[in-house]
Amino acid sequence: MKLNFKKTGQGEPLIILHGLFGSADNWFSIAKELESDFTLFLLDQRNHGDSPQSEDWNYDVMAEDLKEFMEDQQIDSAFLMGHSMGGKTAMNFAMRYPEKVRKLIVADIAPRFYPLHHQHILEGLNAIPIETLKSRKEADDILSQHIKIPGIRQFLLKSLGRGDNGGFVWKINLPVITEKIANVGEALETDNTFSKPTLFMGGENSDYIRSEDKKEIESLFPNSHIIYIKNAGHWLHAEQPIAVVETVKAFFKK
1 MKLNFKKTGQ
11 GEPLIILHGL
21 FGSADNWFSI
31 AKELESDFTL
41 FLLDQRNHGD
51 SPQSEDWNYD
61 VMAEDLKEFM
71 EDQQIDSAFL
81 MGHSMGGKTA
91 MNFAMRYPEK
101 VRKLIVADIA
111 PRFYPLHHQH
121 ILEGLNAIPI
131 ETLKSRKEAD
141 DILSQHIKIP
151 GIRQFLLKSL
161 GRGDNGGFVW
171 KINLPVITEK
181 IANVGEALET
191 DNTFSKPTLF
201 MGGENSDYIR
211 SEDKKEIESL
221 FPNSHIIYIK
231 NAGHWLHAEQ
241 PIAVVETVKA
251 FFKK
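In terms of UniProt numbering, the sequence shown is residues 1 to 254.
Below, the structure written as structure tokens:
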């Protein structure tokens, strides 16, 4: 699959993968702070942003999408960073193609299985009558009945776009994501290890990377360590962008 992407900066290649319900645009402000050090490639993963949509949606195909992208861009190897779902894609890719990854950052996700916990978001998104929707305010009003935090609603509604006929459309493949949401929580299943430098970067206020995950992380990524960004939750790059930028530079450049 030919993924949509944004390219900026100069220097060694750094590929960034967004999380569930997100897009390349989520990382653009971070990329602006890194573009003097790296050539950045911000990808829309399949069924998100402006990339193609497909009934096939799991980490196997998303890892292969990344391989195809690197081949198309003639990138032999790159620094790789993924957040949440993108982190799981990045882990899967690193296990399959370690020669293509120089160093790896996994942002606020562990290799373990995660139970379903996005149902209220999917209920809210599916409650929006996309074919008859008149305004973004109407969408926000409906979504507010399911999601109380305005910042989360604002993030989710970034996937609301305009179609060729002027009406609203979802940039995410909402039906497939709804049907196959369990795939996002799947554990990293592999007999391999990734021995190159790896950083697990968690949010201090998030429970996505727990202390009990350390043993599994170290067994799969023996050259890894875990840090936590202070005063940050799951969307650490939005909540503490300066700390994330400094961490990324320090890890990839040392």
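Where a beta carbon is used, it is the ideal one built from N, C-alpha and C, also for glycine.
Cβ distance (whole Å) where residue i is taken to contact residue j below 8 Å
{"i": "Gln-45", "j": "Asp-65", "result": "7 Å"}
{"i": "Arg-136", "j": "Leu-160", "result": "7 Å"}
{"i": "Ile-181", "j": "Leu-122", "result": "7 Å"}
Residue i versus residue j: straight-line alpha-carbon distance, rounded
{"i": "Ile-128", "j": "Phe-41", "result": "32 Å"}
{"i": "Ile-226", "j": "Thr-198", "result": "9 Å"}
{"i": "Ala-110", "j": "Lys-32", "result": "27 Å"}
{"i": "His-48", "j": "Lys-254", "result": "33 Å"}
{"i": "Glu-138", "j": "Phe-168", "result": "12 Å"}
{"i": "Ser-29", "j": "His-18", "result": "13 Å"}
{"i": "Ser-54", "j": "Arg-96", "result": "22 Å"}
{"i": "Trp-57", "j": "Asp-37", "result": "33 Å"}
{"i": "Arg-210", "j": "Phe-93", "result": "23 Å"}
{"i": "Thr-216", "j": "Leu-188", "result": "Going by the sequence as given, residue 216 is Glu instead of Thr. Going by the C-alpha atoms only, they are around 10 Å apart."}
{"i": "Ala-107", "j": "Phe-113", "result": "16 Å"}
{"i": "Ile-75", "j": "Ile-105", "result": "18 Å"}
{"i": "Phe-251", "j": "Ile-229", "result": "14 Å"}
Cβ pair residue i, residue j closer than 9 Å
{"i": "His-146", "j": "His-117", "result": "no"}
{"i": "Lys-158", "j": "Asn-4", "result": "no"}
{"i": "Gln-240", "j": "Gly-202", "result": "no"}
{"i": "Ala-90", "j": "Leu-14", "result": "no"}
{"i": "Ser-51", "j": "Lys-2", "result": "yes"}
Top-ranked residue by Cα proximity to residue i, from the options
{"i": "Gly-185", "options": "Ile-177, Phe-5, Asn-126", "result": "Ile-177"}
{"i": "Gln-154", "options": "Asp-50, Glu-179, Gln-53, Gly-124", "result": "Gly-124"}
{"i": "Gly-86", "options": "Gly-161, Ile-172, Phe-21, Asp-191", "result": "Phe-21"}
{"i": "Trp-235", "options": "Ala-78, Ser-206, Val-101, Pro-13", "result": "Ser-206"}
{"i": "Ile-16", "options": "Ile-181, Lys-103, Leu-133", "result": "Lys-103"}
Residue i: first and last residue of the uninterrupted alpha helix (DSSP H) it sits in
{"i": "Val-61", "result": "59-72"}
{"i": "Ala-139", "result": "136-143"}
{"i": "His-120", "result": "119-127"}
{"i": "Ala-107", "result": "Counting along the chain, Ala-107 falls outside any alpha helix (DSSP H), though it belongs to the beta strand (DSSP E) covering 101-107."}
Residue span of the beta strand (DSSP E) that contains residue i, given as start and end
{"i": "residue 263", "result": "Past the edges of the chain, shown from 1 to 254, lies residue 263, and the structure says nothing about it."}
{"i": "Gly-163", "result": "Segment: none, Gly-163 is in no beta strand (DSSP E) and carries neither H nor E."}
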